[in-house]
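Residue numbers (numbering that gives the first Met the number 0), protein chains in the order written: chain Y, 0 to 380; chain E, 0 to 380.
Number of protein chains: 2
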Amino acid sequence: MKTEQPYLLTPGPITTTLSVKQAMLQDWGSWDADFRAMTAQLCQSLVELVDGEGSHVCVPMQGSGTFAVEATLATLVPKTGKLLILMNGAYGQRMGKIMDYLGRAYVALDKGDYEPPRAEEVAALLAADPEITHVAVVHCETSSGILNPVEEIAEVVARQGRRLIIDSMSAFGAVAISAKKVAFDALISSANKCFEGVPGFGFVLIRQSVLEAAAGNAHSLSMDLLDQWQYLVKTGQWRYTPPTHVVAAFLQALKEHAEEGGVSGRHARYQRNQQRLVAGMRQLGFETLLSDEWLSPIIITFFSPGHANFDFQTFYDRIKARGFIIYPGKLTEADSFRLGCIGQLYDTQIDAVLAAVAAVLDEMSIPDGTPAHVLDSLATA
Amino acid sequence: MKTEQPYLLTPGPITTTLSVKQAMLQDWGSWDADFRAMTAQLCQSLVELVDGEGSHVCVPMQGSGTFAVEATLATLVPKTGKLLILMNGAYGQRMGKIMDYLGRAYVALDKGDYEPPRAEEVAALLAADPEITHVAVVHCETSSGILNPVEEIAEVVARQGRRLIIDSMSAFGAVAISAKKVAFDALISSANKCFEGVPGFGFVLIRQSVLEAAAGNAHSLSMDLLDQWQYLVKTGQWRYTPPTHVVAAFLQALKEHAEEGGVSGRHARYQRNQQRLVAGMRQLGFETLLSDEWLSPIIITFFSPGHANFDFQTFYDRIKARGFIIYPGKLTEADSFRLGCIGQLYDTQIDAVLAAVAAVLDEMSIPDGTPAHVLDSLATA
């Protein structure tokens, strides 16, 4: 076991507390009452966090977040349905891929790398196509780091009588959302993002009446959320072997989430991380992809330095040697990289990352982080 | 954290070593080179353990073992294929359910609760139905605890030019199987059975040529083993977020598996556990469901005591209070319960379980474990 572990500045898995990891130092029988009580507590806490008591239920799903997204689309969008996917990055695109596998109808509003989908355009699309039954949106699209305007979208979707599915994988736990205020049929998230658990399962907060009417929709036994939920209700157990240790870690993570002040407390720290990181990086000449209005407190995309000496792998390796794992970019049109604000990161770590970036630029003989398009405009000026 | 943890006498999750659990006390970036190296090592070790070098590749799959089974059937049995499922318990039946979801053709040889499928019957079925392209068999069917005769089945399947899929979830790691001797296209297993890791992913050892020809078969993005493998080959990464901590625990478990003497060493301990457990239970009047020939070194089904005072939940709770979690039965026709032989169990634990069973029978005023059918035959004699 290494004593010095690098901090993860990524969109998950993230750096968790030692106490969260220590919760895994025990084995549980997944059939046993002790573990059933843990599952019940997990589900109840998550329903409460989304103000879903009486309307929504929690269905945990083994596997990565993508499994939970696929399970949700398959269980909730019937074979005769049609989905509008609001795309502005890899996760919206992935929903399209899922629908291709499912062989179910969908259209996409593709805003490219980072433009937000807006209520007016969604309203126009829905008005023009009455066959659309469901709309899916990614809450925080970590491809760019944008926080999409889920509230205004939910409003037009509800007004036009369609059903909303929110992929809140990277936002739930740190960005407030209430089922009492935002009308959604499903909100999907995972253990290892803003709740600061370890990876191994996702979960879906689903409107109970909608779930109950979803018989026969799912394409897959493993991913049938209705079957998963019915078994859970009947037995108190996960339908198939759960990642018991990961579940135990998540319960500890939920406890620490509450101790930090719940969603608002977690949001405040991440927001502070983001502002400190953006301010520091801008001082080093870096530029964010997004204007401040659209920056999430989850992850930030920076343009890569335009200087000829810049090479991402070298930059990554040298920053890693200083104790931080950063994240590559995912833009199709510009060189970029990403820095996460989530996980066990505080002022000390943010300041140390900024110092590491400055030192590595220096080592690579790059004067500052000024991106290519700025250097170009300076050259032509 | 409890200091006294009950031992799990179940078919998995099982009791793992402290060192396996301690391997989870670190966070990894799933994109990072350190974790990519861990994934590569995991896959290489598993291919070696099945003698699959040059013929088979390892494709890990997030989620429970059932996810890996569904992914394998969907990826390998084409839409125009037809599967023969050899059923003698819940896991064979579950494959039928999966095929129902997939909407692909299958027939079953259903042997009921515990009879083994034999080579001659499989040969006859294959000869009578040339449309059958694939055969699926459960290696150790933990419903009864039977170790199915996979070798003789593989032989007739190969002789008739069909393809074999083995669900070796509960056997691989403790029951020797070699791709050089047993012709299979896929062998499916999971982290938390005989390898003594913690639950969170499964894996499939697949014949590479067959996998490469499987484009377009899968019904699901998340479960497309070809796509999963191609991404792994291209990037060294899991396609979607892996359960990083569970993977780390598995690597430690693999190390301890090798230290115990690999498959033969692990088999020897489990076999010893089984024999000690069966002998001790028989001394207490209990009867095994299966004759010795079919008993696996994985888990054993015992008939419940026929005495009127017996109540499974009370029996379970009292044995749990003495530090052991046992497993309910899964037979349709007779009351039974199961005791596992796998995980961190040695003579000391086996003897203590036997003592606990004896003490609990005593507490419940049950003279011994004699099952109902024996009591009945004594009464009518």
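C-beta: ideal position from N, C-alpha, C; glycine also.
For residue i, list the residues DSSP reports as bridge partners.
i: residue 206 (chain Y); result: Y:55
i: residue 339 (chain E); result: E:298
i: residue 134 (chain E); result: E:83 and E:163
i: residue 140 (chain Y); result: Y:145
i: residue 189 (chain E); result: E:201
i: residue 326 (chain Y); result: Y:337
i: residue 280 (chain Y); result: DSSP, once it has assigned bridges, lists no residue as partnering residue 280 (chain Y).
i: residue 106 (chain E); result: E:83
i: residue 60 (chain E); result: E:201
i: residue 6 (chain Y); result: Y:323
i: residue 287 (chain E); result: E:301
i: residue 115 (chain E); result: BP columns for residue 115 (chain E) are empty, so no partner.
i: residue 370 (chain E); result: E:304
Out of the options, state which residue places its alpha-carbon closest to the alpha-carbon of residue i.
i: residue 255 (chain Y); options: Y:376, Y:19, Y:54 and Y:222; result: Y:19
i: residue 288 (chain Y); options: Y:163, Y:200, Y:371 and Y:66; result: Y:371
i: residue 115 (chain Y); options: Y:304, Y:348 and Y:290; result: Y:290
i: residue 237 (chain E); options: E:38, E:258, E:93 and E:88; result: E:38
i: residue 174 (chain E); options: E:146, E:306 and E:184; result: E:146
i: residue 88 (chain Y); options: Y:111, Y:33, Y:102 and Y:96; result: Y:111
i: residue 270 (chain E); options: E:357, E:367 and E:341; result: E:341
i: residue 187 (chain Y); options: Y:168, Y:251 and Y:176; result: Y:168
i: residue 41 (chain Y); options: Y:31, Y:202 and Y:275; result: Y:202
i: residue 206 (chain E); options: E:192, E:228, E:363 and E:96; result: E:228
Any C-beta of chain Y sitting closer than 7 Å to the C-beta of residue i?
i: residue 244 (chain E); result: yes
i: residue 345 (chain E); result: no
i: residue 9 (chain E); result: yes
i: residue 313 (chain E); result: no
i: residue 173 (chain E); result: no
i: residue 240 (chain E); result: yes
i: residue 380 (chain E); result: no
Does the separation of the CB atoms of residue i and residue j fall below 7 Å?
i: residue 157 (chain Y); j: residue 182 (chain Y); result: yes
i: residue 84 (chain Y); j: residue 126 (chain Y); result: no
i: residue 299 (chain E); j: residue 144 (chain E); result: yes
i: residue 318 (chain E); j: residue 267 (chain E); result: no
i: residue 196 (chain E); j: residue 249 (chain E); result: yes
i: residue 8 (chain E); j: residue 294 (chain E); result: no
i: residue 234 (chain Y); j: residue 29 (chain Y); result: no
i: residue 46 (chain Y); j: residue 57 (chain Y); result: yes
i: residue 388 (chain E); j: residue 133 (chain E); result: As shown, chain E starts at 0 and ends at 380. That puts residue 388 (chain E) outside it, with no answer to give.
i: residue 194 (chain E); j: residue 215 (chain E); result: no
i: residue 100 (chain E); j: residue 189 (chain Y); result: no
i: residue 165 (chain Y); j: residue 121 (chain Y); result: no
i: residue 286 (chain Y); j: residue 302 (chain Y); result: yes
i: residue 245 (chain E); j: residue 199 (chain Y); result: yes
i: residue 178 (chain Y); j: residue 80 (chain Y); result: no
i: residue 141 (chain Y); j: residue 10 (chain Y); result: yes
Please confirm whether residue i has its beta-carbon closer than 7 Å to some beta-carbon of chain E.
i: residue 4 (chain Y); result: yes
i: residue 234 (chain Y); result: no
i: residue 338 (chain Y); result: no
i: residue 382 (chain Y); result: With chain Y represented from 0 up to 380, any question about residue 382 (chain Y) goes unanswered, as that position is not in the structure.
i: residue 59 (chain Y); result: no
i: residue 97 (chain Y); result: yes
i: residue 14 (chain Y); result: yes
i: residue 90 (chain Y); result: no
i: residue 79 (chain Y); result: no
Is residue i near the ligand ADP, in the sense that its beta carbon is under 6 Å from a heavy atom of that ligand?
i: residue 29 (chain Y); result: No copy of the ligand ADP appears in this structure; indeed no ligand is present at all.
Contact residues within the region 287-311 of chain E, judged by C-beta distance below 7 Å to chain Y: none
Interface positions of the region 270-282 of chain E facing chain Y (Cβ-Cβ less than 8 Å), listed along the chain: none
Members of the region 17-32 of chain Y near chain E, C-beta cut-off 9 Å: 17, 20, 21, 22, 23, 24, 25, 26, 27, 28, 29, 30, 31 and 32
Chain Y contacts made by the region 199-228 of chain E, where a contact means CB separation under 9 Å: 199, 200, 217, 218, 219, 220, 221, 222 and 223
Within 9 Å of chain E by C-beta, residues of the region 181-200 of chain Y in sequence order: 189, 191, 197, 198, 199 and 200
Chain Y contacts made by the region 63-77 of chain E, where a contact means CB separation under 7 Å: 63, 64, 65, 66 and 69
Where the region 319-330 of chain E meets chain Y: residues whose CB sits under 8 Å from a CB there: 319, 324, 326 and 327
Interfacial residues, the region 100-130 of chain Y to chain E, with Cβ spacing under 7 Å: 100
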